[in-house]
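Counting from 91, one number per residue, gives the positions in the sequence shown under the numbering used here.
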Amino acid sequence: MSVSARLSELGIELPAVAAPVAAYVPAVVHGDLVYTSGQLPMVSGALPATGKVGEGHGLVPASDAQDYARQCALNAIAAAAAAVGGVDNLTRVIKVVGFVSSVPEFTGQPGVINGASLILGEIFGDAGIHARSAVGVASLPLDAPVEVEVVFSHSA
């Protein structure tokens, strides 16, 4: 099944490619690989939440952050697809790197980044199985709770 058919089957419409917030491009093609820039969980040009991930008042709950990581992955697919002429030219997910802006005592970064990994697996099937890093950081651009970058292979 093609990636576009799978997206349709899942009822997922890819977002517009998020505009860069600094001096970079959303994705770069090198050989048969597409490297995305770090993708924030932008929805219609805005962050759905800001702040640090953790437990307690004023913090972003891990379950919400997992949903934001999912959005980051969808934004990464959109950026990569735009760079190679369409989503069906993306053939495999190679590597995911996820950053979670979290309080020092939070250790659930892998669970948060599962939001990205799981949706990539749903969309790409076996070709969505990937290597991954999940890292806790002190802060992210625009005070985003999560940022994800993805490396894909492509056929275009």
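The beta-carbon is built from N, C-alpha and C at its ideal position, and this holds for glycine as well.
Taking 6 Å as the limit between beta carbons, can you name the residues of its chain near residue i, skipping five residues before and five after?
{"i": "residue 118", "result": "125"}
Based on the DSSP secondary-structure assignment, which residues constitute the bridge partners of residue i?
{"i": "residue 185", "result": "221, 241"}
{"i": "residue 150", "result": "143"}
{"i": "residue 118", "result": "125"}
{"i": "residue 193", "result": "Answer is none; residue 193 lacks a bridge partner."}
{"i": "residue 180", "result": "244"}
Do residue i and residue j have their C-beta atoms closer together than 8 Å?
{"i": "residue 168", "j": "residue 208", "result": "no"}
{"i": "residue 157", "j": "residue 205", "result": "yes"}
{"i": "residue 242", "j": "residue 187", "result": "no"}
{"i": "residue 238", "j": "residue 129", "result": "yes"}
{"i": "residue 94", "j": "residue 177", "result": "yes"}
{"i": "residue 250", "j": "residue 154", "result": "The structure shown does not extend to residue 250, since the chain spans only 91 to 246, so no value can be given for it."}
To the nearest angstrom, how far is the alpha carbon of residue i from that of residue j?
{"i": "residue 189", "j": "residue 91", "result": "31 Å"}
{"i": "residue 197", "j": "residue 226", "result": "8 Å"}
{"i": "residue 152", "j": "residue 231", "result": "19 Å"}
{"i": "residue 47", "j": "residue 162", "result": "No answer is possible for residue 47: it lies beyond the span of the chain, which begins at 91 and ends at 246."}
{"i": "residue 180", "j": "residue 245", "result": "7 Å"}
{"i": "residue 115", "j": "residue 234", "result": "19 Å"}
{"i": "residue 222", "j": "residue 240", "result": "9 Å"}
{"i": "residue 214", "j": "residue 159", "result": "17 Å"}
Beta-carbon within less than 7 Å of residue i's beta-carbon, same chain only, minus the 5 sequence neighbours each way: which residues are those?
{"i": "residue 192", "result": "142, 143, 144, 199, 226"}
{"i": "residue 111", "result": "231, 232"}
Can you tell me whether residue i is buried or exposed, with buried defined as 16 or more other CB within 10 angstroms of its CB?
{"i": "residue 109", "result": "exposed"}
{"i": "residue 100", "result": "exposed"}
{"i": "residue 98", "result": "exposed"}
Might you give, ordered along the chain, the residues of its own chain that have their beta carbon closer than 8 Å to the beta carbon of residue i, omitting 5 neighbours on each side?
{"i": "residue 133", "result": "105, 161"}
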